[in-house]
Amino acid sequence: MSSGKSVYDAAFVEKWVVGFDALVKHVEAQGFSPEWGERMTTVPASTIRALAEAYASARPAAIFCNAGISHQMNAFHTYRAMAFLAAITGNVGRPGGGCNFMHNTWPGDLRLPPIRGEVPEKKGPGLLGPDTFPRAILEEDPYRLRAVFLMGNPLVDGANAARVRAAYEKLELLVYPALFLEEPALFADYVLPVPSVLEQECVYMRRDDRGIRWSDKAVDPIGEARPDIHLWIDLAHAMAEVDKKHSPSYWKDNLPAAWKDYRTLWDEVFVKNTPGMGGMTSKRLRERTEPLRWPCPSEDHPGTSTLYLDHPSWASVASALGHAGKRFFTPSGKIEIFTPQMHEKLARAGHAALPPFYSHPEVGAGVPTVEHLAEKVPNPLHPGSSTPRVKLGVPPNEGARAGFPLLGMIGRPSVVHFATMTQWTQTGKLMNGIRLVQIHPRAAARAGIRDGDAIRVESPRGAIGATALLFDGIREDTIFVPNFFGPAQKVGDDLGLPRYEPANVLLDDRHFDTLSGQQAYKCFACRVVRV
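Numbering (the working numbering), first residue to last: 131 to 661.
Structural data, given as structure tokens:
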């Protein structure tokens with residue numbers, strides 16, 4: 131509702147949306163109005179109303195966002211709410227519209243050949259999310275984790291970096307394949323060098339439009355560097371020599387040496403077994419100058435530019451993925467905002483198909499939050515994993531920010547500094563060698579901080595060093611802390627640049643979205659002091 135009138139695509143909703151009336155009643159019952167939005171965000175109600183009307187009246191209208199919007203405790207419901215907007219304005223299955231969440235998931239099965247031989251018995255429910263392994267190592271919950279073959283850098287990227295470090299220290303075995311000697315290498319029993327993208331054949335998928343492009347090898351790998359799949363194949367073949375329980379074929383047949391040829395791996399494993407990729411052969415990809423967008427079920431299919439398009443090209447995709455005759459892959463064949471079955475499924479975990487608004491426990495200021503209960507229940511979105519049951523919309527703990535008047539947000543520093551990689555290049559280090567924390571001038575003045583001062587950001591979990599960057603474009607009660615700095619990144623030592631502790635020592639890993647496992651990188655209580 132906007133300016134007292136309804137602005138939505140009534141014809142599209144009538145034909146293709148289930149649960150719209152339930153959504154309207156929910157919005158009214160919760161009091162979700164532009165004025166409510168202003169109280170929660172400080173964005174003027176007039177701005178919210180104008181944006182709503184502009185989006186609803188545009189044809190087409192697209193929603194774009196990167197991963198940052200999901201770095202919070204209600205990530206799943208936030209994405210659903212944006213999908214609701216696209217649905218009720220008729221911007222799903224419309225060229226130039228849709229919700230472009232950057233982290234696209236596969237709209238259908240991603241199939242692999244079945245395991246040959248005995249399948250290992252699971253020791254317990256799976257772990258949810260990338261940051262739950264410290265609990266399995268330190269607390270043996272849900273089982274004891276003794277060895278890790280690691281991809282990535284959780285010592286910098288994981289929530290509550292101090293706890294992640296304690297977990298690494300307790301591990302019995304850590305194997306770390308890496309392009310650089312990043313922080314996990316300091317704890318690794320074995321470091322296995324891997325090549326860069328220019329040193330191996332592979333495919334590259336653009337996150338924003340599902341375009342897949344073939345990437346030929348430009349140069350040979352240096353030294354002993356091997357692609358990731360080579361490591362797994364060689365490990366399997368080594369196991370075949372020492373395993374007394376299984377025959378050598380158990381290992382060699384499940385990870386055959388032929389898969390070291392990337393074209394064989396792509397064509398015979400992924401394309402051959404996954405219906406949505408049937409037309410994306412290595413030959414076809416290599417012959418194209420433009421990416422081919424999945425799903426693409428056959429070699430005569432043009433690829434899918436617009437998902438859920440009301441067109442024969444999408445009908446062939448739906449048929450290949452086991453949804454013949456349906457435009458949307460739901461029981462009803464329509465966009466399902468609310469159904470009793472969906473609500474019941476989510477309610478088992480304490481959630482709801484139409485949830486109330488809630489935020490991080492450390493926000494305070496009258497903003498409702500979520501409570502994680504001790505009871506573990508099956509995760510409704512991820513079969514085989516468990517998750518804490520929650521209680522939504524509970525009153526905040528107004529004392530959670532005692533002594534910590536600011537809220538911190540952690541994110542990527544700039545477009546020229548990506549992940550931890552550019553901290554390992556001379557140019558990247560020169561351009562982003564100093565951690566600049568954005569702070570509003572009035573908040574800085576209250577703390578006696580001037581632009582360029584050395585500062586310390588403190589939270590109830592820990593503290594990090596940085597340099598103050600006064601910026602009046604940020605909220606007065608908020609600071610922005612760049613991530614991706616770490617103590618092992620020593621390229622800038624000769625420039626006199628500091629080595630920083632990871633920004634994520636400031637976070638509490640107990641606060642996460644229990645449906646997706648997403649950690650809350652975008653909210654934590656903190657204070658800033660001059661050093």
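Glycine included, each C-beta is placed from N, C-alpha and C at the ideal position. These numbers were taken from a predicted model, which means no experiment stands behind them.
Contact check for methionine 472 and lysine 652: beta-carbon distance about 27 Å, past the 8 Å limit, so the pair fails to qualify.
Taking the CA atoms as reference points, proline 526 sits about 18 Å from threonine 644. Residue state for lysine 374 is assigned as coil, using DSSP reduced to three classes. For phenylalanine 279, no alpha helix (DSSP H) run applies; the uninterrupted beta strand (DSSP E) run containing it begins and ends at 277–279, by DSSP.
Looking only at Ala504, Gly533 and Ala584, the smallest Cα-Cα distance to lysine 521 is reached by Ala504.
Residue range 584–588 is occupied by the beta strand (DSSP E) that includes glutamate 588, with no alpha helix (DSSP H) assigned at that position. By the Cβ criterion, the segment 270–286 is in contact with the segment 303–317, since at least three pairs of Cβ atoms, one from each stretch, lie closer than 8 Å.
When rounded, the separation of the alpha-carbon atoms in leucine 328 and alanine 366 is 26 Å. In the DSSP annotation of this structure, the continuous segment of the alpha helix (DSSP H) that includes serine 187 starts and ends at 175–187.
Per the C-alpha coordinates, the member of Gly353, Arg343, Tyr334 and Asp339 positioned closest to proline 323 is Gly353. Taking C-beta atoms under 8 Å as the contact rule, alanine 598 and glycine 582 qualify, at a distance of about 6 Å. Secondary structure at phenylalanine 214: helix, using DSSP grouped into helix, strand and coil. The three-state reading of DSSP puts phenylalanine 654 in strand, counting E and B together. Take the alpha-carbon of valine 249 and the one of alanine 368: they are about 19 Å apart.
Residues Gly622, Leu625 and Leu627 of the same chain have their beta carbon placed closer than 7 Å to that of glycine 563, with the five preceding and five following residues left out of the count. Between aspartate 397 and threonine 419, the gap from beta carbon to beta carbon reaches 8 Å or more. Checking the DSSP bridge columns, you'll see isoleucine 342 partnered with Met335 and Leu422. Between leucine 240 and serine 515 a beta carbon distance of about 18 Å is seen, past the 8 Å cut, so the two are scored as non-contacting. In the DSSP assignment, methionine 203 falls outside any beta strand (DSSP E) and carries neither an H nor an E. Looking at Asn204, Pro164 and Asp364, the one whose alpha-carbon comes closest to that of threonine 499 is Asn204. Its Cα nearest to that of alanine 308, the residue Phe279 stands out among Ile465, Ser449 and Phe279.
With a beta-carbon spacing of about 6 Å, tryptophan 389 and isoleucine 359 fall inside the 8 Å limit used to define contacts. Between phenylalanine 534 and serine 462, the C-beta gap is not smaller than 8 Å, which leaves the two residues out of contact. The beta carbon of phenylalanine 194 sits closer than 7 Å to those of Asn230, all from its chain and outside the five residues before and after it, given in chain order.
Assigned with DSSP and collapsed to three states, threonine 394 falls in helix. The three-state secondary structure of asparagine 403, taken from DSSP, is helix. Pairing histidine 441 with glycine 409 gives a Cβ-Cβ distance that is not under 8 Å.
Between histidine 490 and alanine 593, the CB-CB gap reaches or exceeds 8 Å.
If you draw a straight line from the Cα of lysine 506 to the Cα of threonine 517, it is about 5 Å long. Judged by DSSP secondary structure, lysine 506 falls within the beta strand (DSSP E) whose first and last residues are 499–508. Following the DSSP letters along the chain, one finds phenylalanine 263 in no beta strand (DSSP E) but inside the alpha helix (DSSP H) bounded by residues 263–268.
Boundaries of the beta strand (DSSP E) around serine 516: 516–524. As DSSP reads the structure, valine 148 sits in a beta bridge with Glu466. Valine 658 sits away from leucine 566, with the two beta carbons spaced by 8 Å or more.
Counting the other Cβ atoms within 10 Å of the Cβ of alanine 532 gives fewer than 16, which makes it exposed.
Pairing aspartate 261 with alanine 289 gives a Cβ-Cβ distance under 8 Å.
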